[in-house]
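Colleague: 1 is the number of the first residue of the sequence shown in full-length UniProt numbering; add one for each residue after it. Cβ atoms here follow ideal geometry from the backbone N, Cα and C, with glycine treated the same way. Keep in mind the model is a prediction, meaning the values are calculated, not measured.
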Amino acid sequence: MKILVILAHPKEGSFNHAITHTAIKTLKSNGYDVIFHDLYVENFNPTLPFEEIPKNAETDSMVEKYCKEIISVDGIIIVHPNWWGMPPAILKGWVDRVMRAGVAYQFVEGDLGEGIPTGLLNAANVLIFNTSNTTTERENKVFGDPLELIWKNCVFGLCGINNVHRKNYGVMVTSTLKQRNKWLKNVEDTTNSIFPLNL
1 MKILVILAHP KEGSFNHAIT HTAIKTLKSN GYDVIFHDLY VENFNPTLPF
51 EEIPKNAETD SMVEKYCKEI ISVDGIIIVH PNWWGMPPAI LKGWVDRVMR
101 AGVAYQFVEG DLGEGIPTGL LNAANVLIFN TSNTTTEREN KVFGDPLELI
151 WKNCVFGLCG INNVHRKNYG VMVTSTLKQR NKWLKNVEDT TNSIFPLNL
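#1: Just to confirm the assignment, what range does the beta strand (DSSP E) spanning H37 have?
#2: Enumerate, from N- to C-terminal direction, the unbroken beta strand (DSSP E) stretches of 3 or more residues contained entirely within the stretch 142-198.
#3: By DSSP, does K11 sit in helix, in strand, or in coil?
#4: V63 to V98, Cα distance in whole Å?
#5: Are the CB atoms of V79 and I19 nearer to each other than 9 Å?
#6: Would you tell me roughly how many angstroms separate the C-alpha atoms of G170 and P88, rounded to the nearest one?
#7: Going by DSSP in three states, V98 sits in which element: helix, strand or coil?
#8: At the level of alpha carbons, what is the spacing between H17 and A8?
#9: Return the first residue and the last residue of the beta strand (DSSP E) that V126 is part of.
#10: Does DSSP classify A93 as helix, strand or coil?
#11: Go through its chain and collect everything with a Cβ distance to L91's Cβ below 6 Å, but skip five positions before and after it.
#12: From which residue to which residue does the alpha helix (DSSP H) around residue 273 run?
#13: State the CB to CB distance for the pair L27 and T191, rounded to an integer number of angstroms; the pair is presumed to be in contact (CB under 8 Å).
#14: For the beta strand (DSSP E) containing V79, list its first residue and its last residue.
#15: Measuring only the C-alpha atoms, how far is F44 from N181?
#16: Output yes or no for whether 9 Å exceeds the beta carbon distance between S72 and N122.
#17: Which partner residues does K2 have in the DSSP bridge list?
#18: Suppose the cutoff is 7 Å on Cβ atoms and the five residues either side in sequence are ignored; what does the same chain contact list for L158 look like?
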């Protein structure tokens, strides 16, 4: 079974990188094949040109590769920081260009785009790991946890994946090494829970 892992953090050695490495190590220990992409290292272009918007439009080779991968995998892990209640722009652009009509979703015949799409992705589970400098209480009470809504309802829910799990770690800026090590153990445990031993 194949799991796609996407990392979107600009600083090498960040806690997001530590989360990613922990998740990948756990997946491999459980017998999964891992497809890994660091969007910043790969210098992914997040800008969606108008010419790519139509369903059967041609895309560049990098986007085409991502599209083939997203429909072939059995699970997805995405790691990114919470910036203004949103993913970093590079990851938002990845969604714009890769989670496209005809790849991740389609509208029923005769629908001009005003209806609810049918999801096309085959992955059974999606796991999102976030880091934040906002307390969970404030994120929920003041902002309504926008990342939960974005990933579960606005992206993967419309692309046919109902099992969307998300873990948030913070407050990062005041966290200690001991706390971060506990969080990494939680990353391992959570990954084991969502993607158990692949027999």
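Modeller: With the given structure in hand:
#1: Annotation for H37: the continuous beta strand (DSSP E) segment containing it runs D33 to D38.
#2: Taken in chain order, the whole beta strand (DSSP E) runs of length 3 or more contained in the stretch 142-198 are 164-169.
#3: DSSP, reduced to helix, strand and coil, places K11 outside both helices and strands of the structure shown, so it counts as coil.
#4: C-alpha separation (whole angstroms): 6 Å.
#5: Yes, they are a contact pair.
#6: Straight-line spacing of the CA atoms in G170 and P88 works out to 17 Å.
#7: Note: V98 maps to helix in three-state DSSP.
#8: For H17 and A8, the distance between alpha carbons rounds to 9 Å.
#9: That run of the beta strand (DSSP E) goes N125 to T131.
#10: The question names Ala, but residue 93 is Gly in the sequence shown. In the structure shown, G93 falls within a helical segment according to DSSP collapsed to helix, strand and coil.
#11: Within the same chain, L91 has close Cβ partners A8 and H80.
#12: This structure cannot speak to residue 273, because the chain is shown only from 1 to 199.
#13: Their Cβ separation, rounded to whole angstroms, is 6 Å, which keeps L27 and T191 in contact under 8 Å.
#14: Unbroken beta strand (DSSP E) run through V79: G75 to P81.
#15: C-alpha separation (whole angstroms): 30 Å.
#16: Their beta carbons are under 9 Å apart, which means S72 touches N122 by this criterion.
#17: Answer is D33, bridged to K2.
#18: So the qualifying residues of the chain are Y105, P117 and G119.
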